[in-house]
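Written out below as structure tokens is the structure these notes cover.
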Amino acid sequence: AQKITQTQPGMFVQEKEAVTLDCTYDTSDQSYGLFWYKQPSSGEMIFLIYQGSYDEQNATEGRYSLNFQKARKSANLVISASQLGDSAMYFCAISFGRGGYNKLIFGAGTRLAVHP
Amino acid sequence: DGGITQSPKYLFRKEGQNVTLSCEQNLNHDAMYWYRQDPGQGLRLIYYSQIVNDFQKGDIAEGYSVSREKKESFPLTVTSAQKNPTAFYLCASSIWDGAVTDTQYFGPGTRLTVL
């Protein structure tokens, strides 16, 4: 069965520093997608970045980069130059095909606090 | 601006009542989804729909019902059969071309509380 594990329930970082949020996954599928979402206190899930299992280069989107290590089954999110507005819950998710649709499985999340 | 809207933002229900949560998108996405989030947890899939007039059960469909009469709309009804409906409900949509990297975009959510 597919599973996402986020081992850090909470993290804190100093403003302007970089931070890495861990995500490991378990799947026997060869084709899958890995996603990161941000959920501020307002509740909305905001899409940040994704990586396909066949992509050889790590994905980057502005200050976000995804450190994809396929052999280790890890997909860590790196946020560079943290800002106060980055304080939120962060969810890692894996997408795989099942029965004609893409199923998205979420981890339990990591709460990030950015300190001034 | 394109996006997904959900209403109401907060909803209170008495036990034994059915309530309907609205979800509308103007992104021209084919697929739409409903998720439930409980405190301190990730999201779990309730129902999904890839095309109009078709929808499928997700992992926790018991006590919920949906309809998809229009491409833009995917309302969720929480029935009295749902034993523990107090939760945060999120609607999402995506294109549908069969790629595992089809990104799901989410609405702002509805917080349902049963009194």
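Read top to bottom, the protein sequences are chains A and B. All you need for my numbering is the position in the first sequence, starting with 1, plus 12. All you need for my numbering is the position in the second sequence, starting with 1, plus 63. Ideal Cβ positions, reconstructed from N, Cα and C, are used throughout, including at glycine.
Sort out for me which residues DSSP pairs residue i with in a bridge.
i, result
"A:L46", "A:Q63 and A:I106"
"A:V126", "A:V25"
"B:F137", "Note: B:F137 sits in no beta bridge, so no partner."
"A:N114", "A:G109"
"B:W97", "B:Y110 and B:C154"
"B:S85", "B:S70"
"A:I58", "A:K50"
Quick one: give me the first and last residue of the beta strand (DSSP E) that residue i is part of.
i, result
"B:R174", "T173 to V177"
"B:Q69", "I67 to S70"
"B:R76", "Y73 to R76"
"A:N88", "S86 to I91"
"B:V129", "Y127 to V129"
"B:D117", "D117 to K120"
"B:T164", "From DSSP, B:T164 is part of no beta strand (DSSP E); its letter is neither H nor E."
"A:L33", "V31 to L33"
Are residue i and residue j touching if we call contact CB-CB under 8 Å?
i, j, result
"B:F169", "A:E56", "yes"
"A:G64", "A:G45", "yes"
"A:I117", "A:A125", "no"
"A:F120", "B:G121", "The sequence as given places Ala at residue 120 of chain A; Phe does not occur at that position. No, the Cβ-Cβ distance between A:A120 and B:G121 is not below 8 Å."
"B:D93", "B:W159", "yes"
"A:Q20", "A:L33", "yes"
"A:W48", "A:L96", "no"
Pick helix, strand or coil for residue i, following the three-state DSSP scheme.
i, result
"A:L78", "strand"
"A:D98", "helix"
"A:D38", "strand"
"A:E68", "coil"
"A:K131", "Absent from the model: residue 131 of chain A. The displayed extent of chain A is 13 to 128, so no value can be given."
"A:E73", "strand"
Subject >> Under 9 Å (Cβ pairs) to chain B, residues found in the stretch 109-124 of chain A >> reply: G109, G111, G112, Y113, N114, K115, L116, I117, F118, G119, A120 and G121
Subject >> the stretch 82-112 of chain B: positions lying closer than 9 Å to chain A by Cβ >> reply: A94, Y96, Y98, Q100, G103, Q104, G105, L106, R107, L108 and Y111
Original post:
Any residues in the stretch 146-167 of chain B with a beta carbon nearer than 9 Å to a beta carbon of chain A? Which ones, in chain order?
Top reply: Sequence-ordered contacts of the stretch 146-167 of chain B with chain A read F151, L153, A155, S157, W159, G161, A162, V163, T164, D165, T166 and Q167 [C-beta pairs closer than 9 Å].
Original post:
Just by C-beta distance, which residues in the stretch 51-82 of chain A are closer than 9 Å to chain B?
Top reply: Q51, S54, G55, E56, M57, I58, F59, Y62, Q63, G64, S65 and D67
Original post:
Taking a cut of 9 Å between CB atoms, which residues from the stretch 128-144 of chain B lie near chain A?
Top reply: none
Original post:
Along the stretch 81-100 of chain A, what residues have a CB closer than 8 Å to any CB found in chain B?
Top reply: Cβ contacts with chain B: none found.
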